[in-house]
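Notes follow the structure.
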Amino acid sequence: MTSTVLVTGAATGIGNLTARRLAQAGHTGYASMLDPGDEHGRELRALADSEGLDLRTVELDVRSDDTASTLPNGFGSHPSLGLQL
């Protein structure tokens with residue numbers, strides 16, 4: 384069974400590795416970070432493209448109500464999350 388997952392802090396470190404591994408395991412992944420347009424976001428999107436993964440980058444500052452409140456609009460056909468990290 385696959386889930387839709389939101390991984391916070393996915394630009395680097397354990398968040399980045401978690402987003403990669405969950406997507407490689409067949410889950411739909413939303414890798415959140417402060418600036419998805421930077422090198423870390425581009426690297427994750429390139430990985431997703433090259434491996435055919437359903438992994439997307441989204442902007443999220445967990446300290447900001449403004450960015451957090453916009454997230455549900457970004458999930459498109461995946462309105463409910465199965466796992467949030």
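To convert, count from 1 in the sequence shown and add 383; that's my numbering.
Where is the CB? At the ideal position from N, CA and C, for every residue including glycine.
- The alpha-carbon separation between T401 and A394 amounts to approximately 11 Å.
- Considered as a whole, the region 397-456 harbours 411-416, 438-442 as its complete beta strand (DSSP E) runs of no fewer than 3 residues, in chain order.
- Around the beta-carbon of M416, 16 or more other beta-carbon atoms lie within 10 Å, marking it buried.
- When C-alpha distances from D421 are compared across G409, L438, E442, D437, the shortest belongs to E442.
- Boundaries of the beta strand (DSSP E) around T387: 387-390.
- In this structure, D444 lies near T450, with their beta-carbon atoms less than 7 Å apart.
- If the five residues before and after V388 are omitted, its C-beta is found closer than 6 Å to the C-beta atoms of L405, H410, G412, L466, all from its own chain and listed in chain order.
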